[in-house]
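Engineer: Starting off with a structure, shown below.
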Amino acid sequence: MKIKPNRISKLVKLKRLELGLSQAELTKLIGWNKNNTQYISNIERGTCSFPPGSIVDFVRATNIDTETVVLALVDDYRDSLIGALNGT
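Going by the working numbering, the sequence shown opens with residue 175, and the numbers climb by one from there.
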């Protein structure tokens with residue numbers, strides 16, 4: 175089962191825009207190599223998921239509420255699991 179990162183994707187983009195950052199600036203803030211800017215774009219579009227260690231980097235770099243991030247991840251997992259169980 176592949177987890178569809180719908181809520182975490184929206185949350186990443188919302189927080190980036192709230193901070194007034196470009197994707198490249200967020201990449202740098204997180205401490206990633208500048209070549210990972212496309213990865214932020216993919217996360218925001220929901221075409222790839224956030225690796226657990228990278229979520230920690232994102233939370234620390236942006237000071238986003240940890241509970242908000244955890245709830246988004248749990249909701250994404252729940253929705254994907256329900257979809258898999260229902261065959262959708």
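Glycine included, each C-beta is placed from N, C-alpha and C at the ideal position.
(1) Find the nearest neighbour of S183 within the set P226, D239, E218 and K202, judged by alpha-carbon distance.
(2) Report yes if the C-beta distance between F232 and P179 is below 8 Å; otherwise report no.
(3) Which stretch, first to last residue, makes up the alpha helix (DSSP H) that contains T221?
(4) Indicate the three-state DSSP secondary structure (helix, strand or coil) for I177 in the structure shown.
(5) State yes or no: is the C-beta of S254 within less than 8 Å of the C-beta of K176?
(6) Are the CB atoms of T201 and T211 within a distance shorter than 8 Å?
Structural biologist: The short version:
(1) Along the sequence shown, one-based indexing puts residue 183 at 9. The residue with the shortest Cα to Cα distance from S183 is E218.
(2) Taking the sequence shown and counting its residues from 1, the one referred to as residue 232 is at position 58. Taking the sequence shown and counting its residues from 1, the one referred to as residue 179 is at position 5. The answer is no: Cβ separation not under 8 Å.
(3) As a working mapping, residue 221 is identified with position 47 in the sequence shown. Careful: T221 lies outside any alpha helix (DSSP H) and carries neither H nor E.
(4) The residue labelled residue 177 in the question sits at position 3 within the sequence shown. Three-state result, I177: coil.
(5) By 1-based counting over the sequence shown, the position of residue 254 is 80. By 1-based counting over the sequence shown, the position of residue 176 is 2. Against a cut-off of 8 Å, the Cβ pair of K176 and S254 comes out as a contact.
(6) Taking the sequence shown and counting its residues from 1, one reaches residue 211 at position 37. Taking the sequence shown and counting its residues from 1, one reaches residue 201 at position 27. Closer than 8 Å, so yes.
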